[in-house]
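Protein chains in written order, with the working numbering: chain A, 1 to 112; chain B, 1001 to 1908. A virtual CB, placed ideally from N, CA and C, is assigned to each residue, including glycine. Just below is one structure, and these are the notes that go with it.
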Amino acid sequence: MGDGKSDVLQGTLDLMVLKTLESMGPLHGYGIARRIEQVSNDTLNLNQGTIYPALLRLQQRGWITTEWGTSENNRRAKYYSLSRFGKKQIEKETESWQRIAATMARFLATPR
Amino acid sequence: MDWLRILWSRCAAFFGTKKLDEDLDEELLAHIDLATEENLRCGMSPQEARRAALLSFGGVAQIKESYRVQRGLPFLDVLLQDIRFGTRQIWHAPGFAFIAVLTLALGIGANTAVFTLTHALLLRTLPVRDPGELVRLSIDVSATGTRDDNAPLNLPIIEAIRRQSHSFHDVFAWCVYDFPFRDGNVNSGLHGAIVSGNAFESLGVHPAAGRLLTPADDQSGGGPDGLAAVISYRAWVARYHADPSVVGRRVIVTDHPATIVGVAPAGFEGVIVAEHPDLYLPLEFQAALYGQEAKHDGGRLWLQTFARLNSGVSQKQASAEMNSLFPHILDAVLPPAIRHMPVVENSRFAVKPARTGWSKLRVQYTEPLLLLQLMVGAVLLICCANLSGLFLARASARRVEFAIRGALGAGRLRLMRQLFVECLMLALPGALLGVGLAWMAGPWILHMLGNAEAQEAISMQPNPAVLGVTIACAVFCAVLFGMAPAWTASHASMEAALRSAQPRTAAGSTGLRNWFVPFQVSLSLTLVVLAALLGTTVTRLLTDDSGYRTENVSFALTDFLRVPEKGEALVTLYRRMAARIEEFPGVEHVSIAAVAPLMGVRWSDDFLAVANKQRTRPVESMENVIGAHYFSTLSISILSGRDLENNDSDRNSCVVSEAAARLYFPGTSALGKTLRNVIHHSRTGEADTYRDCQIVGVAQDTKYDALRELPPPIVYLPITVGEGGSTNGGSTLFFIIRARSISTARSAYLAALHELAPSSPEIPPVEFNQIFQDSVARERLLSVLSGFFAMLGLLLSGVGIYGLVAWNVTRRTTEIGVRMALGATRPRVFLLVIRHVAGLLAIGVLIGALAALFAARSIHTFLFEVQPGNPWVFVLSALVLMMIGLVAATLPARRALTIDPMQALRTE
């Protein structure tokens, strides 16, 4: 991308969503999307809509649960929160991601 | 277990689509609203705020779509969609659907019916432990050109194998047997087998009650329970209402007390296919009946033998090992006279896989079944060609529909998939109906086997294997007849289709469709020629002069093994019995014969003419041992001389058939000459001895064991005393009875039997006519079924041709209209339409004739007195096919003549 933003890597969105929910508690889809944008300092080329398939994926695995609630503008909205199972998974996923990142870093650090 | 959780949630979502869609809509709307509000707070105008919100969200429709695909079961969703659509299509054209389903039902039904029989007879794996290890051990005598399958073994050979071979374990023997069975006052016959004591252990089957036979039961003198008997599960349920107390019950089997020790498991039918044994006894039963000598007789081959291969030993290795041992085993077991007979010298030991058991029916029916399987395969291909044509026609009628769907974004694969589902929706009901048809035809097909035992034992009920093959058939058909239309549909050019509703010129698919007709016609012609050849064979067999008159003649097999009379007295008993039966009112003639004609039994002996100086080597001839009136009973005329007398004055006389007279006394009259019967001393190995007999009569030629052969030379010897206290024809001879009716013969025979030999088992007489008909059972099965398949092929080809011409006329309506407007006469138009199809027919007939010639050559062994290349058969078959083709073409072609040029041009 010419505007200096990078695409979201396959599989990283899920972990971003999990971490967001871990730090923020129950949140609706828009909230999660905004939070990810803020944390990434708008360096990510994220279509907000793409978090919905990611949310569905996590839901199907039973890592997050949903519940209808009322948003700040008094509108019905679906809130997502981490399940107990999901909390355990975060550790594993984090670890695996860190391993990949470290490996990548080693590759990049290798002098030409 | 992630995938399970995901699958579960997908399944759950599949059923709540509507609610979930609403939820998703609401959630996404809330998202946009929240984003818009935030943008408003940042100071954007309402319009700008909403636009920015949508922009940062991305494509709403795409997100929804990918969300849905991930949420439910998209494959199933699409399938349901296709099925709904297909149902509507079928609903709109019920006639088309009806014809398609019916065609398929016939095609698939024929396949299922034949396959059910093939499966039952050839393919079903035995329900025993590790059936793959099982092999059948036998002696291959085919090197000497005998038609018979491999010969069985006997106990001394089996024991030698057990001792010397390292290739096998669990070598066991099996012999099919019919038992007279008495339990209390209930007297009946039970079909079953005598087996070596280790048979059940070796097969690894477990009793339903009590215990099964063990080697201890097979000791000489009987086991712990005396003579132990095992009954089948079927007999247990039918006779004893599955009462477990049947174990220990005392019964009488052929006059010998036996104890039922257990019940074989349900569904176990032994190792001989197409048999359903109800009673199993140890081999020791043979010793109980006929003495230990009979059980251990090395000169007789009577035990079907099976074994398990040791692990790591291949069938080839086992065979190699056995063939190095085999000559030594034969040396030790066989008497020298038999050992050095050419048949034995040239024989080899055979180790054959027996995963599916063994049956003598396989010898007879393996090839016919494969032939029938090929024929039904051809019928199925004709069906598919028909349906393919129909579907192509419909596909071209639906061109606009396909084009619109394509224009709306349906991919090529999606279109093909939908068409395929539609085909499958016709094929599966067709298959179901086909299974029903096959099931109904089952008893009829079995009846044609002409084997009462097999008829009862073979189940024509559809089983999983058969259903699997049927469904595979249906899917195969759907692919085959769906392929062409799907291909052309997906290749249809959209704008061309949308522009003109009625194509004027031939589309790409026409060429393809044309080829179905020659294809169908050539297959049909092959079927018709084969059916005609096989039909001619049966007719020739049945009408060829056999030398016998079969009406009102019955054969009664009589077992005089246990009558007190021996030697002379036994011969007298036979004669008295024949005379006694003859006294009953309605009985015309009665005679005795060791070999009943046309039952597939051969008995030959070596004879030489004493007067003839040149011919010193004995020549083989068929032989029979008969009583007086044999010739009059079977309506065989005596050409010169006289019949044998019903007493011992003819002890040294004989009657020969014309062929035998020619063979031994060429050029002179055989009457009064002496014929020498050379007797090889099989048991003792002593020098050959001989017996002379004087020819007192020459009888007309007759066929002997089968209708297929020309009348062989036959020597008829009178019944006299033979070896070991029995007659020279053995202890089980036939009474041959000609009476007013079959029932008269039966009651007279049974009455005489009760009177003169009450200890003998009652075996009901069989009709000669039935035997006559059943002796061509194999040919009959082939000819009737192939005839039926040929008719089916003809019918389907006719329908196919009709369809093609009808479609062509519709397609070319405008063209024909133009031609007529320009002055074409009606006959010319008619010719135009017919010429095209006649050309296709001719191509089909030519290709078909070649294919038929090839096919006919390869079945020449089934034929009798008709050459595979018989020109009449070919010409008539081709004519029939051409006629049906032209009639099928004429019907729709007539419609071309009624086209009104003005009307046709106006619709343009």
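Taking the Cβ atom as the reference point for each residue, do residue i and residue j lie within a distance shorter than 8 Å?
i         : j         : result
B/Leu1840 : B/Asn1514 : yes
B/Met1448 : B/Ala1777 : yes
B/Leu1137 : B/Phe1306 : yes
B/Arg1540 : B/Val1866 : yes
B/Ile1260 : B/Val1247 : yes
B/Asp1544 : B/Ser1760 : no
B/Gly941  : B/Asp1217 : No information on residue 941 of chain B is available, as it lies outside the stretch 1001 to 1908 that chain B covers here.
B/Leu1573 : B/Ala1751 : no
B/Cys1798 : B/Val1517 : Checking the displayed sequence, the identity of residue 1798 of chain B turns out to be Gly instead of Cys. No, these two residues do not count as a Cβ contact at 8 Å.
B/Ala1318 : B/Phe1168 : yes
B/Ser1621 : B/Pro1765 : no
Please list the partners that residue i has in chain A, where partner means a Cβ-to-Cβ separation under 8 Å.
i         : result
B/Glu1269 : Residues of chain A passing the Cβ test: none, with the nearest at roughly 51 Å.
B/Arg1005 : Gln60, Arg61, Gly62
B/Tyr1067 : Tyr52, Pro53, Leu56
B/Arg1050 : Near B/Arg1050 there are no residues of chain A at all, since even the closest Cβ is about 14 Å away, more than 8 Å.
Return helix, strand or coil for residue i, following the three-state DSSP convention.
i         : result
A/Gly31   : helix
B/Trp1236 : helix
B/Met1622 : strand
B/Phe1854 : helix
B/Gly1145 : Per-residue confidence for B/Gly1145 stands at a pLDDT of 49, beneath the threshold of 50, marking its modelled position as unreliable; the derived number appears in the next sentence. Of the three classes helix, strand and coil, the one that applies to B/Gly1145 here is coil, per DSSP.
B/Asn1198 : coil
B/Arg1894 : helix
B/Trp1091 : helix
B/Ala1660 : helix
B/Ala1507 : Any reading at B/Ala1507 is ruled out, since the residue's pLDDT is 46, under 50, leaving its predicted position unreliable.
B/Arg1031 : Note on residue identity: the sequence assigns His, not Arg, to residue 1031 of chain B. B/His1031 falls in the helix class under three-state DSSP.
B/Leu1634 : coil
B/Cys1477 : helix
B/Ile1899 : coil
B/His1754 : helix
B/Asp1705 : coil
B/Pro1711 : coil
B/Ser1554 : strand
So which residues on chain B does residue i lean against when the C-beta distance must stay under 7 Å?
i       : result
A/Tyr79 : Those within 7 Å of A/Tyr79 in chain B number zero; the least Cβ separation is about 10 Å.
A/Asn41 : The contacting residues do not exist; A/Asn41 stays about 16 Å from chain B at best.
A/Gly29 : Glu1027, His1031
Determine the direct distance from the alpha carbon of residue j to that of residue i, and round the result to whole angstroms.
i         : j         : result
B/Glu1201 : B/Pro1282 : 13 Å
B/Gly1262 : B/Lys1295 : 24 Å
B/Leu1121 : B/Phe1115 : 10 Å
B/Gly1145 : B/Pro1485 : Note that B/Gly1145 scores a pLDDT of 49, beneath 50, so its modelled location is shaky; the value from the coordinates is reported in the next line. Roughly 53 Å between the two C-alpha positions.
B/Ala1593 : B/Ile1338 : 26 Å
A/Met16   : B/Gln1070 : 20 Å
B/Glu1658 : B/Asp1643 : 14 Å
B/Asn1769 : B/Leu1426 : 46 Å
B/Gly1434 : B/Ser1311 : 43 Å
B/Glu1253 : B/Gly1192 : Reading off the sequence shown, one finds Val at residue 1253 of chain B, where the question assumed Glu. Whole-angstrom Cα-Cα distance: 12 Å.
B/Pro1618 : B/Ala1332 : 28 Å
B/Thr1488 : B/Arg1405 : 14 Å
B/Leu1608 : B/Leu1663 : 10 Å
Under 8 Å by Cβ, that's how I've got residue i and residue j pegged, so tell me the actual separation to the nearest angstrom.
i         : j         : result
B/Glu1779 : B/Thr1537 : 5 Å
A/Ile64   : A/Gly86   : 5 Å
B/Gly1627 : B/Gly1697 : B/Gly1627 to B/Gly1697, Cβ: 14 Å. No contact.
B/Tyr1630 : B/Ser1591 : 4 Å
B/Leu1796 : B/Ile1161 : Actually they do not touch by this definition, with Cβ atoms about 54 Å apart.
A/Gly11   : B/Phe1057 : Their Cβ separation, rounded to whole angstroms, is 22 Å, which puts A/Gly11 and B/Phe1057 out of contact at 8 Å.
B/Phe1420 : B/Gly1482 : 5 Å
If the cut is a Cβ gap below 8 Å, which residues of chain B does residue i touch?
i       : result
A/Asn73 : Asp1033, Leu1034, Glu1037
A/Gln48 : His1031, Ala1035, Ser1056, Phe1057, Gly1058
A/Arg76 : Glu1026, Ala1030
Whose Cβ in chain A lies nearer than 7 Å to the Cβ of residue i?
i         : result
B/Asp1002 : Arg61
Interface residues of chain A around residue i at Cβ under 9 Å?
i         : result
B/Gln1070 : Pro53, Leu56, Arg57, Gln60
I'd like to know if residue i contacts chain E, where contact means its C-beta is closer than 8 Å to some C-beta of that chain.
i         : result
B/Cys1423 : No chain E appears in the structure shown, which is made up of the protein chains A and B.
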